[in-house]
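So in UniProt numbering, the last one in the sequence shown is 198, and the numbering has no gaps at all. Structure record follows, encoded as structure tokens.
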Amino acid sequence: MYCISPSFVLGFHGCEREIGERVLAGEATLLDSTNDYDWLGRGAYFWENNPQRALSFATNAQKRSSIKNPFVIGAVIDLGRCLDFTTESALREIRQTYLWLEAASKEEGGQLLKTNNPYLRRLDCQVIDALHTFREFTEAPAYDSVRSPFWEGERLYPGTDFMHETHVQLAIRNVKSIKGYFRVLDLTGKPVEFVRSE
Numbered sequence: 001m002y003c004i005s006p007s008f009v010l011g012f013h014g015c016e017r018e019i020g021e022r023v024l025a026g027e028a029t030l031l032d033s034t035n036d037y038d039w040l041g042r043g044a045y046f047w048e049n050n051p052q053r054a055l056s057f058a059t060n061a062q063k064r065s066s067i068k069n070p071f072v073i074g075a076v077i078d079l080g081r082c083l084d085f086t087t088e089s090a091l092r093e094i095r096q097t098y099l100w101l102e103a104a105s106k107e108e109g110g111q112l113l114k115t116n117n118p119y120l121r122r123l124d125c126q127v128i129d130a131l132h133t134f135r136e137f138t139e140a141p142a143y144d145s146v147r148s149p150f151w152e153g154e155r156l157y158p159g160t161d162f163m164h165e166t167h168v169q170l171a172i173r174n175v176k177s178i179k180g181y182f183r184v185l186d187l188t189g190k191p192v193e194f195v196r197s198e
């Protein structure tokens, strides 16, 4: 009942400049990521309220992908029916899905479940995608988006649990949830290619 978000959020997507400019011009839309290691399953990925993190992602991707010119675009997003991992109901639902997959895996000789590492979340992706498949099979309403915080990086200072790369990630599953794209602005209101703090 309370999984429908009542407001818009701003999401930021790091990508190749050419792709970002085409999206901003209305000539393209962001495609769903469908890697088997995606942290939140299938969807178009955004960093919530964090253009700097989107730029860091795109800049780091230069080393391992086809991104030559890191770029950041913003989006106004209506999360709609959201599988939000900050809520107890979402956590219960994902746990139940895992238990169901675990039981099915045991019946099949233990070979169905994948494993995680800190950056390749194959198990999480498998469980989250299975949750969506199960909802479709049972004719439960589909989730438009998935939202989760992640604690990453080193501690900001001794004795704290605040981490240097903590962020909230969004996986948008329903393209209609993206209400519009925008160019990132600097503090003076001028368009910039990216915003980055060292």
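A virtual CB, placed ideally from N, CA and C, is assigned to each residue, including glycine. As the structure is a prediction and not an experimental result, all values here were calculated from the model.
Per DSSP, the bridge partner or partners of residue 71: Under DSSP, the beta-bridge partners assigned to residue 71 are 15.
Strand pairing of residue 78, partner residues [DSSP]: Residue 78 is bridged by DSSP to 8.
Which of helix, strand or coil DSSP assigns to residue 106: In the three-state reduction of the DSSP assignment, residue 106 falls in the helix class, which pools H, G and I.
Buried or exposed by the 16-neighbour rule on C-beta atoms within 10 Å, applied to residue 9: By the beta-carbon neighbour count (other beta carbons within 10 angstroms, threshold 16), residue 9 is buried.
Let's see if you can read the secondary structure: which residues bound the alpha helix (DSSP H) around residue 149? Per DSSP, residue 149 belongs to no alpha helix (DSSP H); it is in the beta strand (DSSP E), 145 to 150.
Would a C-beta distance cut-off of 9 Å place residue 145 and residue 5 closer than the cut-off? Yes; because the gap between Cβ atoms is below 9 Å, this pair is in contact.
Given 8 Å, three or more beta-carbon pairs between the stretch 69 to 83 and the stretch 15 to 23: The answer is yes - the stretch 15 to 23 touches the stretch 69 to 83, with three or more Cβ pairs under 8 Å.
Hey, how far is the Cα of residue 147 from the Cα of residue 33? If you take the alpha carbons of residue 147 and residue 33, they lie about 15 Å apart.
Three-pair Cβ contact test at 8 Å for the stretch 34 to 49 versus the stretch 116 to 129: Flag = yes, the stretch 34 to 49 and the stretch 116 to 129 touch.
Can you tell me which of the three DSSP states residue 85 falls into? Looking at residue 85 - three-state DSSP - the assignment turns out to be coil, as it is neither helix nor strand.
So what's residue 117 in DSSP terms, helix, strand or just coil? In the displayed model, residue 117 falls within coil according to three-state DSSP, outside both helix and strand.
Taking 9 Å as the threshold (C-beta atoms), are residue 169 and residue 46 in contact? Taking 9 Å as the Cβ cut-off, residue 46 and residue 169 qualify as a contacting pair.
May I ask you to report which of helix, strand or coil DSSP gives residue 39? When secondary structure is reduced to three states using DSSP, residue 39 falls in the coil class, being assigned neither helix nor strand.
Assuming residue 55 and residue 11 are in contact, meaning their beta carbons sit under 8 Å apart, how far apart are those beta carbons, in whole angstroms? The C-beta distance from residue 55 to residue 11 rounds to 14 Å, too long to meet the 8 Å contact threshold.
Residue range of the alpha helix (DSSP H) that residue 155 falls in? Per DSSP, residue 155 belongs to no alpha helix (DSSP H) and is neither H nor E.
The alpha helix (DSSP H) with residue 241 in it runs from where to where? The structure shown does not extend to residue 241, since the chain is modelled only from 1 through 198, so no value can be given for it.
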